[in-house]
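Engineer: Numbering (our numbering), first residue to last: 314 to 797.
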Amino acid sequence: MRVLATSSVGFFHRKPQIANPLVFLVIAVLQWISLPNAQAQSPGLSLWTRSEGEDWPRMLGVHYDSKSSETGILTQWPKEGLKVVWTQKTGTGYGNGVAALGRWFQFDRFGNSERLSCYEAQTGKFLWKWESSVSYQDAYGYNDGPRCSPLVDGRSVYVYGVAGKLACIDIQTGKESWQKNINSEYGVVPNFFGVGASPLVYNDLLIVMVGGSPKRSFFAGSPTINDMPNAKPDGTGMIAFDKRTGKEVYRVGNYLASYSAPILARIDGVDYCLSLMREGLLIFQAKDGKGEKFFPFRAAMLESVNAASPVVIGNKIFISEAYEIGSALLEFKDGELKALWRDTDGRQNQLMRTHWNTPLLHENKLYASSGRNPLDTDIRCIELSGEQEPKLVWSKRNRDRGTGLIVDSHWLWLGEFGKLHLMKLGAQDHEVLAQMDLQLTTPADSKEPLLNPPSWAPPVLSHGLLYVRGADRVICLELIPETK
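Right, dumping it as C-alpha cells:
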C-alpha cells in the first residue's frame, strides 16, 4: 500500500464531462441514503426530549456534507435574533463541539489540560468532564487549545488533541477506555498549528490522519516545529485503529498530515475514505486501506495548508485551497483519479479558494467563503453543470471568512466575526433572508457580548437547536421551534 499510482495533471483546462443538474441531485440523494451509518445507535442512552430531529455526532455532520435533514426552521427572525437557549464558557481551542444522544460534547484546553466537557444538549446542564495533560504552544501566536472536533460513536466519544493524544471515553460516565500518544508513537513532526484533522469511524475502525516521520532519521531528539521543513513521510499518512482497543489495524499513504478532516463516500458501490493530505488527495478503501490512489495538490509555498475537506458528487471530487492553486475537479473512475478541470493561475482569476471551510453542495451548486484573508474574502456560489467548465453564479465581497450548513433548503452562514446569516439556496444572487450579529448582541443578564470572535468552528444543528462557538463561549440558539 506504499507504492502509489499518481494521476496525470497535464490537462488543466479540458472541458469536464459533468452530469446535468438532475443527475447531480439523484447521485447526491443515493449517496446520502447508502453511505453506511458509522454512528452505532445506543438505545436507552438518549437524553433528548425534543422528539424531532437528528444527531450531529461528528465534524461535518452525519453524512460528511454539513447538511441537515431537519425542517421547519425560522426564516423570519425577531429583531433581537434567535432565542438564546443556553450558553457555556469554553477554554481555548478552535474546534466545534458535537451533539449526540441528547448530550453536547465540547473539547477545549484549560491550563495544562485538555478537557472534554459533557452537557445536556437542551439545557446546558453540566454532566461530567474528562481531562488529560497537554504540552503545546502555538508557534504562530494562535491559541493553544485543540483544533479537532469530538466524534461520537455508540456509547463512546473520541477526541484527538492538539499535541496528538487520541482517546476513547464512555459517553455516560466520562471514564477513559484507552488513550494513545500518536505524535510520540509515530514520530509526528509538529505541523504549523498542531494536530487539526478530526478523525472518523467506519464500522469497527477509527480512521485517523497521522502523517508520521522516520524517528530521529533527520533530527536529533524529539522533533519540533523547526524540523517541519525537513519532515519526510514514513507511510503512516492515515492509520485505522480498532475503535475498541486503539490497536493499529492498517496504515496507508506515504504523506504528511494536513488540517482537512477526512470523509467517507460510497463511489461505484465501494466505501472509500478521502483525505486531503498535506501533499494532495489520498483515496483508499475504508475497510482495508487497499486500492489507494493519489492526486498531488498543494501550493508551492511552505506556509500553505490544505484545510477544507473534499466534496464528492457521484464519482466527481471537488477540492480547494486558498494559497496559490485554487480548486480542482477530479474524476475517480475504474480505480483511477484524473483531473477534469483546474483553476487558472492567479488568485484574482480563480473560481474558488476555500481556506478552512468546506464548500456546501446543493443540487449542482457549491456555496462557500472564498479567500485566504478577510480583506480578500467573498461569499461565493459556483455551478457545476453539463459539459461546461465550472462557472461563477454570484460573488459578494464581505471581508468576513465563514463556515455554514444547509438545512430546509436554506444556507445558514456564520462569519468569523460573529455574524449569522440565513440565505436562500438556488438564487441567482446573494440573498439574505435573516441575520443576527452575535458580537453585538448582549444578553439581558450580562454586559458581555453573546459571542467574542473569532468564530472559526462551523455551526452545528441538532433537534432544532443551533450551536455556535466563539473565542470563549458556546451558545445554543433555537432555530426550529419545538412542536407541542
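Cβ atoms here follow ideal geometry from the backbone N, Cα and C, with glycine treated the same way.
Give the DSSP-derived three-state secondary structure of S445 in the structure shown.
Structural biologist: Position 132 of the sequence shown, counted from the start, is the residue given in the question as residue 445. In the structure shown, S445 sits in a strand (DSSP, three-state: E or B).
Engineer: I need the boundaries of the beta strand (DSSP E) containing I495, first residue and last residue.
Structural biologist: Stepping through the sequence shown from its first residue, residue 495 is reached at position 182. Where I495 is concerned, there is no enclosing beta strand (DSSP E), although the alpha helix (DSSP H) it sits in stretches over I495 to E498.
Engineer: Please state whether DSSP places P609 in a helix, a strand or coil.
Structural biologist: Translated into positions along the sequence shown, residue 609 becomes position 296. In the structure shown, P609 sits in a strand (DSSP, three-state: E or B).
Engineer: Compute the beta-carbon to beta-carbon distance between G777 and R363, rounded to the nearest angstrom, for a pair I have assumed lies under 8 angstroms.
Structural biologist: Indexing the sequence shown from 1 puts residue 777 at position 464. Indexing the sequence shown from 1 puts residue 363 at position 50. Indeed they touch by this definition, with Cβ atoms about 6 angstroms apart.
Engineer: Just to confirm my understanding: we take C481, look at its own chain, exclude 5 residues before and 5 after, and list those with CB closer than 6 angstroms. What are they?
Structural biologist: Taking the first residue of the sequence shown as position 1, residue 481 is located at position 168. These residues qualify, in order along the chain: S469, Y471, S490 and W491.
Engineer: Can you give the Cα-Cα distance for W769 and Q485, rounded to whole angstroms?
Structural biologist: Along the sequence shown, one-based indexing puts residue 769 at 456. Along the sequence shown, one-based indexing puts residue 485 at 172. Computed Cα separation, rounded: 29 angstroms.
Engineer: Measure from the alpha carbon of E383 to the alpha carbon of each residue in S722, N677, V508 and E427, then state which is nearest.
Structural biologist: By one-based count along the sequence shown, residue 383 stands at place 70. Nearest option by C-alpha distance: S722.
Engineer: If you draw a straight line from the alpha carbon of W724 to that of G739, how long is it in whole angstroms?
Structural biologist: Here residue 724 refers to the residue found at position 411 of the sequence shown. Here residue 739 refers to the residue found at position 426 of the sequence shown. When rounded, the distance between both Cα atoms is 10 angstroms.
Engineer: So, helix, strand or coil for R660, using DSSP?
Structural biologist: Translated into the one-based positions of the sequence shown, residue 660 becomes position 347. Three-state result, R660: helix.
Engineer: Which of the three DSSP states is assigned to M541 in this structure?
Structural biologist: One-based indexing of the sequence shown puts residue 541 at position 228. Reduced to three states, the DSSP call for M541 is helix.
Engineer: Is it the case that the region 434–442 contacts the region 452–462, given that we only count it when at least three CB pairs across the two stretches are under 8 angstroms?
Structural biologist: Contact between the region 452–462 and the region 434–442 is absent, because fewer than three Cβ pairs lie under 8 angstroms.
Engineer: Among residues of its own chain, excluding the 5 on either side of L335, which ones have a beta-carbon nearer than 8 angstroms to its beta-carbon?
Structural biologist: Stepping through the sequence shown from its first residue, residue 335 is reached at position 22. Since pLDDT at L335 reaches only 48, below the 50 mark, its modelled position is unreliable, and no value is offered.
Engineer: Give me, in chain order, the residues of the same chain whose beta-carbon lies closer than 7 angstroms to that of T405; leave out the 5 immediate sequence neighbours on both sides.
Structural biologist: Here the question's residue 405 lines up with position 92 in the sequence shown. Around T405: D421, R422, N456, D457 and G458.
Engineer: So L774 is in the beta strand (DSSP E); what residue range does that whole segment cover?
Structural biologist: Taking the sequence shown and counting its residues from 1, the one referred to as residue 774 is at position 461. Element bounds for L774: V773 to S775.
Engineer: Assuming A574 and C586 are in contact, meaning their beta carbons sit under 8 angstroms apart, how far apart are those beta carbons, in whole angstroms?
Structural biologist: For the purposes of this step, residue 574 is taken as residue 261 along the sequence shown, with counting starting at 1. For the purposes of this step, residue 586 is taken as residue 273 along the sequence shown, with counting starting at 1. About 11 angstroms; that fails the 8 angstroms criterion.
Engineer: So the candidates are V521, L513 and D483; which of them puts its Cα closest to the Cα of V501?
Structural biologist: The residue labelled residue 501 in the question sits at position 188 within the sequence shown. Taking only the C-alpha atoms, the option nearest V501 is V521.
Engineer: If contact is defined by three or more beta carbon pairs under 8 angstroms, each pair taking one atom from either stretch, is the region 659–679 in contact with the region 630–644?
Structural biologist: Because the criterion of three Cβ pairs below 8 angstroms is met, the region 630–644 and the region 659–679 touch.
Engineer: Using a Cβ-Cβ cut-off of 6 angstroms (strictly less than) and excluding sequence neighbours within five positions of P546, which residues of its own chain qualify?
Structural biologist: Counted from its first residue, the sequence shown places residue 546 at position 233. So the list reads N567, Y568 and L569, once near-sequence residues are dropped.
Engineer: Taking the C-alpha atoms as reference points, what is the distance between F808 and D483?
Structural biologist: The question about residue 808 has no answer, for the chain in this structure spans 314 to 797.
Engineer: Give me the Cα-Cα distance between G783 and L751, rounded to the nearest whole angstrom.
Structural biologist: Position 470 of the sequence shown, counted from the start, is the residue given in the question as residue 783. Position 438 of the sequence shown, counted from the start, is the residue given in the question as residue 751. Answer to the nearest angstrom: the Cα atoms are 9 angstroms apart.
Engineer: Given this structure, state the Cα-to-Cα distance separating N619 from G593, to the nearest angstrom.
Structural biologist: For the purposes of this step, residue 619 is identified with residue 306 of the sequence shown, where counting begins at 1. For the purposes of this step, residue 593 is identified with residue 280 of the sequence shown, where counting begins at 1. When rounded, the distance between both Cα atoms is 8 angstroms.
Engineer: Mind reading off the beta-carbon distance from N677 to T690? Whole number of angstroms is fine, and I expect it under 8 angstroms.
Structural biologist: Here residue 677 corresponds to residue number 364 of the sequence shown, with the count starting at 1. Here residue 690 corresponds to residue number 377 of the sequence shown, with the count starting at 1. With a Cβ gap of about 24 angstroms, N677 and T690 do not count as contacting.
Engineer: Tell me where the beta strand (DSSP E) around R564 begins and ends.
Structural biologist: The residue labelled residue 564 in the question sits at position 251 within the sequence shown. R564 -> beta strand (DSSP E) spans E561 to V565.
Engineer: In this structure, does DSSP put L751 in helix, strand or coil?
Structural biologist: Residue numbering aside, residue 751 sits at position 438 when the sequence shown is read from its first letter. Reduced to three states, the DSSP call for L751 is coil.
Engineer: Given a cut-off of 8 angstroms on the beta-carbon distance, is the pair R714 and S682 in contact?
Structural biologist: Position 401 of the sequence shown, counting from 1, holds the residue named residue 714. Position 369 of the sequence shown, counting from 1, holds the residue named residue 682. Contact: yes.
Engineer: Which residues in the same chain have their Cβ closer than 8 angstroms to the Cβ of G648, if we skip the five residues on either side of it in sequence?
Structural biologist: If you number the sequence shown from 1, residue 648 lands on position 335. These residues qualify, in order along the chain: G604 and K606.
Engineer: If you draw a straight line from the C-alpha of W345 to the C-alpha of L643, how long is it?
Structural biologist: Mapped onto the sequence shown, residue 345 falls at position 32. Mapped onto the sequence shown, residue 643 falls at position 330. Legend: pLDDT at W345 = 44, less than 50; position of this residue unreliable, value from coordinates given subsequently. If I take the Cα positions, the gap works out to 20 angstroms.
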